[in-house]
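Some notes on the structure that comes next.
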Amino acid sequence: MSTLAGDTLPMMDEYQFHQLLAGPAPVRVDIVRLGPYFAPYVPASGVPGAGAPYGAIVRGHSDLLAAETVEGVRRLLLDIADGCTRLRINDAAVRGA
Numbered sequence: 001m002s003t004l005a006g007d008t009l010p011m012m013d014e015y016q017f018h019q020l021l022a023g024p025a026p027v028r029v030d031i032v033r034l035g036p037y038f039a040p041y042v043p044a045s046g047v048p049g050a051g052a053p054y055g056a057i058v059r060g061h062s063d064l065l066a067a068e069t070v071e072g073v074r075r076l077l078l079d080i081a082d083g084c085t086r087l088r089i090n091d092a093a094v095r096g097a
């Protein structure tokens, strides 16, 4: 299971995430554990193109998107993606957590 330290966590704004989803390539999002919560995290390897933003998704440059369950994060991501077929959610590492 992936667990990340919140104080050193790279972040990307929700707007940047929408920009990635609007592109032509699939965007992989891992679900990681942050203390008692689960959060969507776009790894650098999951971003098409060099120099693209990556990290935990935040709203308004400061509010980390997170949920108490893996399924809650999945629902949040599907809602944000609004039917985008390029979203690839990787929650295998946290299943059963």
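Heads up, the sequence shown is in UniProt numbering, so the first residue is 1 and it goes up one at a time.
Beta carbons are placed, not taken as given, at the ideal position from N, Cα and C, and that holds for glycine.
Would you mind giving the Cβ-Cβ distance between residue i and residue j, rounded to the nearest angstrom? I have them listed as a contact below 8 Å.
i	j	result
residue 21	residue 65	Contact flag wrong, Cβ pair sits at about 14 Å.
residue 9	residue 56	5 Å
Quick one: what's got a C-beta closer than 8 Å to residue i's C-beta in the same chain, skipping five residues either side?
i	result
residue 72	38
Under 6 Å Cβ to Cβ from residue i, same chain only, skipping five residues before and after it: list those, please.
i	result
residue 5	Here residue 5 scores only 48 on pLDDT, less than 50, and its place in the model is too uncertain to base an answer on.
In whole angstroms, what is the alpha-carbon distance linking residue i and residue j?
i	j	result
residue 35	residue 67	11 Å
residue 84	residue 76	13 Å
residue 79	residue 41	16 Å
residue 82	residue 18	10 Å
residue 31	residue 24	22 Å
residue 69	residue 54	22 Å
residue 92	residue 11	22 Å
residue 62	residue 90	24 Å
Within its chain, find whatever has a CB closer than 7 Å to the CB of residue i; leave out the 5 residues flanking it on each side and keep chain order.
i	result
residue 59	14 and 65
residue 26	86 and 88
residue 16	53
Could you tell me which of the options sits nearest to residue i, measuring between CA atoms?
i	options	result
residue 139	11, 16 and 28	Residue 139 lies beyond the residue range present for the chain, which begins at 1 and ends at 97; the question has no answer from this structure.
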